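Heads up, the thing below is written out as structure tokens.
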Amino acid sequence: MFLTPVWKVPIFLQLIFSLSFYNIYKDIKYIHHGRKIFIRSNFRVQWSLYVDAKTQEKAMLIFRLVSEAIDLPLQIENCEPYWRNRSQYEITFTTMWEDVTPPEAVFRTLAAADTLAWEWNVRCPVEWEDGLFEFGGQSVKTKLANLLWIGFELEREGAQKQTIQEGTVYETKIP
23 MFLTPVWKVP
33 IFLQLIFSLS
43 FYNIYKDIKY
53 IHHGRKIFIR
63 SNFRVQWSLY
73 VDAKTQEKAM
83 LIFRLVSEAI
93 DLPLQIENCE
103 PYWRNRSQYE
113 ITFTTMWEDV
123 TPPEAVFRTL
133 AAADTLAWEW
143 NVRCPVEWED
153 GLFEFGGQSV
163 KTKLANLLWI
173 GFELEREGAQ
183 KQTIQEGTVY
193 ETKIP
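Per the working numbering, the sequence shown starts with residue 23, numbered consecutively.
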């Protein structure tokens with residue numbers, strides 16, 4: 023089968039294709055950017071912090087400073103002593119990006135991450151065929167006192183995660 027490049031297809035045929043695509047998938051909002059279609063969806067950023075605090079009150083005080091620095095609505099999930107070192111606390115929280123494309127979600131996440139640390143080690147964003155999207159990073163060069171380590175994972179909300187074990191595919195729902 024011979025595929026014609028997009029730039030050689032007459033503009034009215036591209037418009038008809040776009041309209042027919044929209045009629046088929048009315049509930050999906052999309053952006054046609056060159057040859058790639060970015061589907062808008064919701065993304066969740068899972069943040070993990072290790073803070074230098076001996077009490078939970080001090081750990082929550084540091085978390086309050088983090089939330090003021092990020093200046094976004096945060097949902098705290100966990101605040102407990104780190105199992106290796108009881109003078110440190112592990113805090114996990116989430117941020118949501120609603121109705122954005124994957125590049126917008128990556129940009130917003132990096133902009134929020136920049137408020138917390140100077141340098142980041144990041145993994146390249148990957149979008150799998152089944153809708154799974156992954157992007158993450160970590161840093162030890164933080165901008166806030168008593169913040170020892172920070173990391174994040176960006177995932178598309180509601181995507182199916184596939185795990186391959188001994189040639190079999192298992193599908194599990196992302197919590």
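Built from N, CA and C at the ideal position, the CB exists for glycine as well. This one's a predicted model, so the numbers in the text were calculated from it and none came from an experiment.
Nearest neighbour of residue i, chosen from the options [CA to CA]
i    : options                   : result
L169 : V128, L71 and W150        : L71
E5   : F85, D93, T114 and R86    : The displayed coordinates of the chain run from 23 to 197. Any statement about residue 5 would go beyond what the structure contains.
Q160 : N64, I92 and E175         : E175
E141 : M118, L87, G173 and P147  : G173
A75  : L138, K165, Q110 and A167 : Q110
Residue i, buried or exposed, once every other Cβ within 10 Å from all chains shown has been counted against 16
i    : result
Q97  : exposed
G153 : exposed
T77  : exposed
A135 : buried
W150 : exposed
R145 : exposed
V148 : exposed
R178 : buried
A133 : exposed
G158 : buried
L138 : buried
A167 : exposed
Per-residue DSSP class, three states only, for residue i
i    : result
P147 : strand
S9   : For residue 9 there is no data in the structure shown, the boundaries of the chain being 23 and 197.
K183 : At K183 the pLDDT is 49, less than 50, meaning the model places this residue with poor confidence; the figure from the coordinates comes in the next sentence. DSSP places K183 in strand when its eight states are reduced to three.
R66  : strand
T131 : helix
E102 : strand
Enclosing beta strand (DSSP E) for residue i [first to last residue]
i    : result
L176 : L169 to R178
T204 : For residue 204 there is no data in the structure shown, the boundaries of the chain being 23 and 197.
T114 : Q110 to V122
E156 : F155 to S161
Limits of the alpha helix (DSSP H) - the one that residue i falls within
i   : result
P95 : No alpha helix (DSSP H) contains P95, which DSSP labels as neither H nor E.
Would you check if the segment 100-107 and the segment 119-133 touch, i.e. whether three or more CB-CB distances between them fall below 8 Å?
Here the segment 119-133 makes no contact with the segment 100-107; the two share fewer than three CB pairs at distances below 8 Å.
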